[in-house]
Each structure stands twice: as C-alpha cells, then as structure tokens.
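Working notes, structure below.
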Amino acid sequence: MSKLVRKQIKEGFLPQIEDIDISNYDVIFVGSPVWNFSMSLPMKAFLKNNNFKNKTIIPFFTYSGGAKRSKIAKEIEKIANAKDIKKPLFMFENGIFLVKEQIIKWLNNI
Ligand SMILES: Cc1cc2nc3c(=O)[nH]c(=O)nc-3n(C[C@H](O)[C@H](O)[C@H](O)COP(=O)(O)O)c2cc1C
21 MSKLVRKQIK EGFLPQIEDI DISNYDVIFV GSPVWNFSMS LPMKAFLKNN NFKNKTIIPF
81 FTYSGGAKRS KIAKEIEKIA NAKDIKKPLF MFENGIFLVK EQIIKWLNNI
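See below:
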C-alpha cells in the first residue's frame with residue numbers, strides 16, 4: 021500500500037472523490053491519516069477540488085510514526101488558498117486517552 025501511494029505521489033495521481041457542497045460553510049474541519057509523512061491523497065483531492073477562498077480550514081491528522089508537520093501545513097496553504105488555515109492537530113493513533121485532552125486543548129486554542 022505504501023509503495024503504491026509513493027508511486028501515486030510521484031506520478032501526481034489524485035483519486036476521484038465524492039463531490040461535497042461546501043458553499044454553506046465558513047469553517048471546515050478537514051482530517052486525514054498521515055500517508056508517507058504527508059496528507060493522504062483523498063485529502064489532497066478534496067483541497068484541490070473545492071474553493072476555500074472565503075473559508076477557514078481547520079486541519080487534523082492521525083499518524084502512527086511520523087509526519088513532516090511544517091511541510092504539510094505549507095502544502096495545505098499552497099493547495100487550498102483559503103482565507104485562514106489553523107495550525108493542524110496531529111493525533112497519535114494509539115494514544116486515545118492522551119488524544120482526548122489534546123483535542124480539548126487544541127479546540128480551546130483555535
Ligand atoms: C499508505 C499509507 C502510508 C502511511 N504513511 C504513514 C507515515 O508516513 N507516517 C505515519 O505516522 N503513519 C503513516 N501511516 C499510518 C496511518 O497514518 C495511521 O495508520 C492512521 O493515521 C491511523 O488512522 P486510521 O485507523 O483511521 O487509518 C500510513 C498508512 C498508510 C495506509
């Protein structure tokens with residue numbers, strides 16, 4: 021799977037995803053697992069397919085090993101061209117008890 025995703029990233033492939041009408045929303049939480057230290061390709065497709073010009077994006081991720089956090093933040097900025105993009109939350113997949121506190125703290129600061 022990881023090998024396939026690496027190939028898809030290299031080739032600039034983006035999966036077809038369902039159309040979602042975001043026009044009625046000003047603030048949009050966009051979440052994804054980390055894939056190859058970056059955002060997943062369905063998330064990338066979602067950011068590319070929609071217009072975030074007057075919208076705020078609140079990104080969040082789950083991961084199991086590591087992520088290039090500042091690179092991901094910059095990539096979201098570049099692709100989405102949103103009005104505002106909040107600092108992403110990264111949640112370790114096995115840290116469910118820690119994650120609850122982490123989410124509350126994060127929500128209180130955005
Ligand atoms: C193709 C693929 C690539 C992945 N690459 C990474 C990675 O680079 N770093 C990491 O921490 N986790 C990586 N993972 C693990 C997922 O991020 C992790 O399993 C996921 O966040 C857990 O949430 P889920 O159960 O909703 O998938 C990868 C998973 C897949 C399927």
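In the working numbering, the protein residues as written are 21 to 130.
For each residue, glycine too, the CB sits at the ideal point set by N, CA and C.
From a predicted model like this one, the values you see are computed outputs, not experimental measurements.
Only exposed fits PRO35, as fewer than 16 other CB atoms lie within 10 angstroms of its CB. Close CB contacts of ALA87 within its chain, under the 7 Å cut and outside five residues either way in sequence, are with VAL54, PHE57, PHE81 and PHE110 (chain order). In terms of side-chain proximity, the C-beta atom of PHE57 is found nearer than 7 Å to a non-hydrogen atom of ligand 1. Distance from the CA of ALA65 to the CA of GLU113, rounded to the nearest whole angstrom, comes to 23 Å. In this structure, the C-beta of SER90 stays at least 7 Å away from each heavy atom of ligand 1. For ASN70, the closest alpha carbon among the candidates LYS91, SER43, SER52 and PHE117 is that of SER43.
Excluding the 5 residues flanking it on each side, MET59 has same chain C-beta neighbours closer than 6 Å at SER52 and ILE92, in chain order. By the CB criterion at 8 Å, LEU61 and VAL25 fall inside the cutoff. As computed with DSSP, GLY51 is found in a beta bridge with PHE80. The Cβ atoms of ILE105 and ILE130 lie no closer than 8 Å to each other. Counting along the chain, LEU61 sits inside no beta strand (DSSP E); it lies in the alpha helix (DSSP H) bounded by residues 61-69.
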